[in-house]
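Enquirer: My questions will all concern the structure given below.
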Amino acid sequence: MILVTGSAGFIGSNFVLDWCAQHDEPVVNLDKLTYAGNLENLATLKDNPRHIFVQGDIGDAALVGRLLAEHQPRAVVNFAAESHVDRSIHGPEDFIQTNVVGTFHLLEAVRAYWGGLEGDRKADFRFLHVSTDEVYGSLGRDDPAFTETHRYEPNSPYSASKAASDHLVRAYHHTYGLPVLTTNCSNNYGPYHFPEKLIPLLIVNALAGKALPVYGDGQQIRDWLYVKDHCSAIRCVLEKGRTGEVYNVGGWNEKANLDIVHTVCGLLDELRPRADGKPYSEQIRFVTDRPGHDRRYAIDARKIERELGWKPAETFETGIRKTVHWYLDNQDWVSNVLSGNYRQWVEKNYAGRTE
Ligand code: NAD
Ligand code: DAU
1 MILVTGSAGF IGSNFVLDWC AQHDEPVVNL DKLTYAGNLE NLATLKDNPR HIFVQGDIGD
61 AALVGRLLAE HQPRAVVNFA AESHVDRSIH GPEDFIQTNV VGTFHLLEAV RAYWGGLEGD
121 RKADFRFLHV STDEVYGSLG RDDPAFTETH RYEPNSPYSA SKAASDHLVR AYHHTYGLPV
181 LTTNCSNNYG PYHFPEKLIP LLIVNALAGK ALPVYGDGQQ IRDWLYVKDH CSAIRCVLEK
241 GRTGEVYNVG GWNEKANLDI VHTVCGLLDE LRPRADGKPY SEQIRFVTDR PGHDRRYAID
301 ARKIERELGW KPAETFETGI RKTVHWYLDN QDWVSNVLSG NYRQWVEKNY AGRTE
């Protein structure tokens with residue numbers, strides 16, 4: 001069995017859904033259910049005896065210790081984190097608490113458990129830490145893409161907190177020999193993506209007739225990876241990765257934000273045209289930029305392909321079409337996440353931005 005943390009969130013829930021569809025191996029799912037955690041993402045697993053959900057904090061070492069002792073997992077996959085850059089700018093403390101202090105307590109509990117294992121069970125145990133390309137900082141237009149040896153230069157409270165957690169994971173390998181693996185991935189998109197993030201926000205706002213807010217000049221570049229491809233990369237690293245190693249994961253899909261906005265508008269024009277026949281791009285509004293906004297991320301994903309044979313299955317064109325379809329087909333999921341809490345966040349993040 002494996003223990004997965006943060007798996008009621010966007011990527012974690014996709015990972016657990018795929019895992020249960022492809023494996024007989026049971027999963028214990030530990031999630032605090034913050035605003036970003038949503039049990040509706042896991043609704044299809046409700047009666048699955050191979051999936052056990054536990055509400056709790058990765059920073060609760062006693063709880064994690066009990067779960068490890070009871071379920072004896074062969075691996076821990078750590079998705080749990082505060083993940084939204086804009087929220088980290090408005091309030092960094094939760095990011096330090098979960099991403100840094102929480103990861104530390106989780107590592108301590110896992111170290112104690114792993115220290116008590118013997119023989120093959122000890123040798124085969126893995127702690128996989130899911131991290132981000134944002135720890136590497138921002139690239140110039142012509143700079144080569146991030147490799148695994150790129151210097152850490154985090155620029156937001158979010159990326160700094162993820163960088164700190166990566167360093168702790170690394171230190172637990174070097175100091176205690178804990179068999180860790182770290183993945184640093186680019187921007188994901190796909191089903192169950194919370195609409196505080198760019199792509200689902202665009203779809204939700206477009207359909208509601210609201211503004212499509214583009215920060216600054218919209219020329220910031222991100223690499224985009226369909227979430228199911230990220231999940232397959234994590235499974236691949238878990239099975240074949242060399243302990244102590246870092247693997248960059250990316251989609252070879254560098255896009256400027258404004259191009260993403262136009263692609264989403266174009267798909268909606270085709271699949272759900274506006275009642276007045278006008279294009280959704282009429283709703284685009286350029287708004288005040290994100291403070292400290294990183295200009296460009298790009299991932300060099302050759303190591304994971306060369307060493308482990310992983311490659312993304314989706315192109316951006318196929319993945320974004322699937323994603324727009326998913327949101328159109330899952331309007332109940334969308335309306336359930338647009339709670340009062342969500343509306344407060346939208347007010348906080350966008351009200352002060354001038355056009
Ligand atoms: P998310 O915000 O959608 O989900 C995070 C989940 O973690 C939620 O279910 C939340 O309830 C849970 N959680 C938060 N604090 C917790 C705590 N203290 N204890 C237990 N659970 C807690 O995030 P996501 O986009 O799914 O990202 C998952 C991981 O992948 C994060 O570590 C993130 O840094 C990393 N990552 C994300 C992306 C991306 O594009 N979304 C890209 C690369 C890496
Ligand atoms: O690169 C990986 C990271 O990708 C992950 O580590 C983070 O957890 C994840 O949230 C994501 O971070 P970004 O900041 O890149 O994602 P976000 O969707 O918030 O923004 C994508 C780009 O779009 C970014 O350049 C900011 C811009 N943006 C975002 C929003 C929400 C806008 O222009 N308007 C918006 O309203």
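Each residue of the sequence shown is one higher than the one before, counting from 1 in the numbering used here.
Virtual Cβ for every residue (Gly too), placed ideally from N, Cα, C.
1. Under 8 angstroms by Cβ, that's how I've got Ala163 and Pro154 pegged, so tell me the actual separation to the nearest angstrom.
2. If you run the structure through DSSP and keep just helix, strand and coil, what is Asn99?
3. Rounded C-beta distance between Arg285 and Pro213? I'm assuming under 8 angstroms.
4. Does the region 246-258 touch the region 329-341, meaning 3 or more C-beta pairs lie closer than 8 angstroms?
5. Quick check on DSSP: helix, strand or coil for Ile58?
6. With DSSP as the reference, please indicate the residues paired to Cys185 in a beta bridge.
7. Only counting the same chain, and skipping five residues up and downstream in sequence, which positions put a Cβ closer than 8 angstroms to that of Leu33?
8. Excluding the 5 residues flanking Phe125 on each side, which residues of the same chain have their C-beta closer than 7 angstroms to its C-beta?
9. In the DSSP output, which residue or residues are listed as bridge partners for His23?
10. Do the region 307-317 and the region 219-234 make contact, defined as three or more Cβ pairs closer than 8 angstroms?
11. Going by other Cβ atoms of all chains shown within 10 Å of its Cβ, with 16 needed for buried, is Ser335 buried or exposed?
12. Say yes only if the C-beta of Ala81 is nearer than 8 angstroms to one or more non-hydrogen atoms of the ligand NAD, and no if none qualify.
13. Please check the pair Thr132 and Cys185, which I expect to be a contact at CB under 8 angstroms, by giving their CB distance rounded to whole angstroms.
14. Within its chain, find whatever has a CB closer than 8 angstroms to the CB of Ile58; leave out the 5 residues flanking it on each side and keep chain order.
15. Taking a contact to mean a Cβ-Cβ separation below 9 angstroms, would you say Tyr327 touches Asn187 in this structure?
16. Per DSSP, which one or two residues make a beta bridge with Asn78?
17. Please state whether the Cβ-Cβ distance between Ile11 and Val130 is less than 9 angstroms.
18. State the Cα-Cα distance for the pair Lys322 and Val261, rounded to the nearest angstrom.
19. Determine the contact status of Thr147 and Lys303, defining contact as a CB-CB distance below 9 angstroms.
20. Applying the 10 Å Cβ sphere with the 16-neighbour rule, what's the burial state of Ala123?
21. Go through its chain and collect everything with a Cβ distance to Ile96's Cβ below 7 angstroms, but skip five positions before and after it.
22. Can you give me the start and stop residues for the beta strand (DSSP E) that Pro312 sits inside?
23. Determine the direct distance from the alpha carbon of Thr175 to that of Phe316, and round the result to whole angstroms.
24. Quick one: grab the DSSP three-state call for Asn155.
25. Is His84 near the ligand DAU, with its Cβ less than 8 angstroms from a heavy atom?
26. Give a single yes or no on whether Ala8 has its beta carbon closer than 8 angstroms to a heavy atom of the ligand NAD.
27. Is Ala301 closer than 9 angstroms to Val264 when the C-beta atoms are compared?
28. Just to check, is the beta-carbon of Cys356 closer than 8 angstroms to a non-hydrogen atom of the ligand NAD?
Expert: In short:
1. 4 angstroms between Cβ atoms; contact.
2. helix
3. 6 angstroms
4. no
5. It is coil, neither helix nor strand.
6. Thr132 and Val249
7. Ala8, Leu39 and Gln55
8. Once the five neighbours on either side are set aside, the close Cβ partners of Phe125 are Arg74, Ala75, Trp114, Leu117 and Pro179.
9. Per DSSP, none; premise fails for His23.
10. yes
11. exposed
12. Under cutoff, so the answer is yes.
13. 6 angstroms
14. Answer for Ile58: Thr5, Gly6, Leu30, Lys32, Val64, Asn78, Ala80, Thr98, Gly102, Thr103, His105 and Leu106, listed in chain order.
15. no
16. Thr5 and His129
17. yes
18. 16 angstroms
19. yes
20. exposed
21. Ser161
22. Counting along the chain, Pro312 falls outside any beta strand (DSSP E), and DSSP gives it neither H nor E.
23. Going by the C-alpha atoms only, they are around 40 angstroms apart.
24. Here Asn155 carries a coil assignment [DSSP, helix/strand/coil].
25. yes
26. yes
27. no
28. Nothing about residue 356 can be read from this structure; the chain reaches only from 1 to 355.
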